[in-house]
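One structure is given here, and the rest of the page talks about it.
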């Protein structure tokens, strides 16, 4: 088998593949902790920079490589923006239509009119874009992120329904536990990452299962992807207890703890909020 492969083109293809991987990893919001606004802006800056490089470069197939990277950067930018912001069906259609017209127009201009940009001008534009990117990143880092505040009830009272028999024990009983509020302290939109929460009962044997399931209402699948600039989002906390039949008006103190390895002299619900999660505050209602 005679494989007539150009080594340089293979390396270019590998470079493009790795660039795709880097961009997809970047938009997962796990590397630099940037806001959605700044992440989208940086992706668009990459698109412009690579497109300018494609107009300037004339050696070998570097212009094709640059245009390919520009198109990939724009595609990732578009996917990221659509997935993070609520455009609606009509908005998504319009964005895709405008993007199609943009690239068809750019392609026509490059082929028919030989669009070119002087090297000095392209360099100045790239430097300006780099400076703007630094300003955005600096403002993003200095502006702070989302603060999560858990407001918990001081006490809750639970009781098994009167019509529950011993054969039906234990029965699951829900009670409102408090709220968690995510507050975006800056103007840039940031991804929402509600802290984990769990609970346990100590200081009493009247609870069939000391482990208490604590959940958000609405659930995570119904929560927004992000919190807008200078905005806030709140979700209720609901605790589910396993009670034996006949359990009547059991009052529990609510206490936030680091773990459930504690003892108390009175019935207490220990709530663990935000294990390994930064920027979580606690107040009692």
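In this note's numbering, the protein residues as written are 10 to 294.
Ideal Cβ placement from N, Cα and C applies to all residues, glycine included.
From a predicted model like this one, the values you see are computed outputs, not experimental measurements.
Boundaries of the alpha helix (DSSP H) around residue 120: 97-121. In this structure the segment 221-233 does not touch the segment 120-137; the number of beta carbon pairs closer than 8 Å is below three.
Residue 268: not part of any beta strand (DSSP E); DSSP gives it neither H nor E. If you look at residue 82, you'll find it isn't in any beta strand (DSSP E); it sits in the alpha helix (DSSP H) that goes 71-93.
When the beta-carbon positions are compared, residue 180 and residue 103 stay at least 9 Å from each other. The C-beta separation of residue 281 from residue 268 comes to about 6 Å, placing the pair in contact by the 8 Å criterion. In the DSSP assignment, residue 208 forms a beta bridge with 221 and 280. Around the CB of residue 106, fewer than 16 other CB atoms lie within 10 Å, so the residue is classed as exposed. Counting every other CB atom within 10 Å of its CB across the protein chains shown gives residue 229 a total below 16, marking it as exposed. Residue 193 counts as buried, since no fewer than 16 other beta carbons sit within 10 angstroms of its beta carbon. Looking at the backbone, the Cα of residue 156 and that of residue 191 are separated by about 6 Å. Excluding sequence positions up to five before and after residue 55, its CB lies within less than 7 Å of the CB of 82, all in the same chain and listed in chain order. Apart from the 5 residues on each side of it in sequence, residue 233 sits with its Cβ closer than 7 Å to the Cβ of 201 and 242 in its chain, given in chain order. Take residue 86, set aside five residues on each side of it, and the residues of its chain with a beta-carbon closer than 7 Å to its own are 49, 52, 53 and 56, in chain order. Each of 41, 60 and 72 was checked against the Cα of residue 21, and the nearest Cα belongs to 72. The Cβ atoms of residue 168 and residue 187 do not sit closer than 9 Å to each other. The alpha-carbon of residue 265 is positioned some 39 Å away from that of residue 32.
In this structure, the alpha-carbon of residue 18 lies about 10 Å from that of residue 69.
Residue 27 counts as exposed, since fewer than 16 other C-beta atoms from the protein chains shown sit within 10 angstroms of its C-beta.
If you compare the alpha carbons of 67, 16, 89 and 74 with that of residue 34, the shortest gap goes to 89.
As a beta-bridge residue in DSSP terms, residue 243 pairs with 190.
In this structure residue 250 does not touch residue 279 by the C-beta definition: roughly 13 Å separates them, more than the 8 Å allowed.
The beta-bridge partner set that DSSP reports for residue 261 consists of 165. Selection 184, 171, 257 and 138 evaluated against residue 61 yields 138 as nearest (Cα-Cα). Looking at the DSSP output, residue 250 bridges to 182.
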